[in-house]
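Novice:
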Amino acid sequence: MEGVLVVMNQEMMDNITKNNLVFLATAAADGTPNVVPIGLAKPLDNKTVLLVANFMKKTIQNLKNNPKASVIVGNVSECPYQFKGSVKIEESGKNYDDAVEWAKSVMAQLNPFAAVILEVEEVYSVQPGPDAGKLVD
Ligand SMILES: Cc1cc2nc3c(=O)[nH]c(=O)nc-3n(C[C@H](O)[C@H](O)[C@H](O)COP(=O)(O)O)c2cc1C
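All residue numbers for the sequence shown refer to the working numbering, where the first residue is 1 and numbers rise by one.
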C-alpha cells in the first residue's frame, strides 16, 4: 500500500477512543479476507492505533504473513472513515506493557500476547455520496 502519509485528525482519534468496538480486517497470504470485532483499540498518536491481541488467531496469522490491515470504527456513521496501513506485532516493550496494563484494567482475566500497532498510511472516506471511497488528504 503506497499511499500518501495521512494523519488522523482529532475527531477521528476521539471517535476511535470513545468507540466500544472497531472492526479489524486482514487478509491471508492467499488473499482470503478476515474481519473481527476488537474492543481494545485506541490511538496512540495521530498516525498510530494500538489493538490488543487477546484472542486473535487467524488475524495474527494473517498479519504475520501479510502485515497490512484496515480498521473501521463501530459507530461508522459518526466516523465514516477507513484507516489502512502497516502493522507491527510487538510481544515485549512499552507498547506491549501498556497493552497488558490496559487490558487487565478492563478485565483482570485477560492475558494479552501482543500489541498490534497499526501505522496509519491512508484514510479513506466511506461516507455515502460523492466522497465515498475517496482518499482523505
Ligand atoms: C465485542 C468483542 C470484542 C472483542 N475484543 C477483542 C480484543 O480487544 N482483542 C482480541 O484479541 N479479540 C477480541 N475479540 C475477539 C475477536 O473478535 C475474534 O474472536 C478473535 O480475533 C478470533 O478470530 P480470528 O481467528 O479471526 O482472529 C472480541 C470479540 C467481540 C465479540
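Cβ coordinates follow ideal geometry from the N, Cα and C atoms, glycine included.
Starting from the N-terminal side, write out each stretch of the alpha helix (DSSP H) that is 4 residues or longer and does not extend beyond the region 71 to 118.
Specialist: 94 to 106
Novice: In three-state DSSP terms, what is L21?
Specialist: As a first step, residue 21 must be located in the sequence shown, where it is residue number 21. Here L21 sits in coil by DSSP.
Novice: Within its chain, find whatever has a CB closer than 6 Å to the CB of V35; leave out the 5 residues flanking it on each side and keep chain order.
Specialist: Taking the sequence shown and counting its residues from 1, one reaches residue 35 at position 35. Here the set comprises F23 and A25.
Novice: For the pair the region 129 to 136 and the region 89 to 99, tell me if three or more CB-CB distances fall below 8 Å.
Specialist: no
Novice: How would you write the range of the alpha helix (DSSP H) that N62 sits in, first residue to last?
Specialist: Translated into positions along the sequence shown, residue 62 becomes position 62. Its alpha helix (DSSP H) spans residues K58 to N65.
Novice: Based on Cα-Cα distance, which residue from I89, A99, V87 and S70 lies nearest to Y124?
Specialist: Taking the first residue of the sequence shown as position 1, residue 124 is located at position 124. For Y124, the closest of I89, A99, V87 and S70 by C-alpha to C-alpha distance is S70.
Novice: So, with DSSP's three-state summary, where would you put N54?
Specialist: Working through the sequence shown from its first residue, we reach residue 54 at position 54. Correct three-state label for N54: coil.
Novice: For D14, which three-state DSSP category applies?
Specialist: Looking up residue 14 in the sequence shown gives position 14. Of the three classes helix, strand and coil, the one that applies to D14 here is helix, per DSSP.
Novice: Please check the pair A28 and N62, which I expect to be a contact at CB under 8 Å, by giving their CB distance rounded to whole angstroms.
Specialist: For the purposes of this step, residue 28 is identified with residue 28 of the sequence shown, where counting begins at 1. For the purposes of this step, residue 62 is identified with residue 62 of the sequence shown, where counting begins at 1. That pair is a contact at about 5 Å.
Novice: Leaving out the 5 sequence neighbours to the left and right, which residues in its chain are closer than 8 Å to E119 when beta-carbon positions are compared?
Specialist: Counting from 1 along the sequence shown, the entry for residue 119 is found at position 119. These residues qualify, in order along the chain: K47, T48, G85, S86, V87 and K88.
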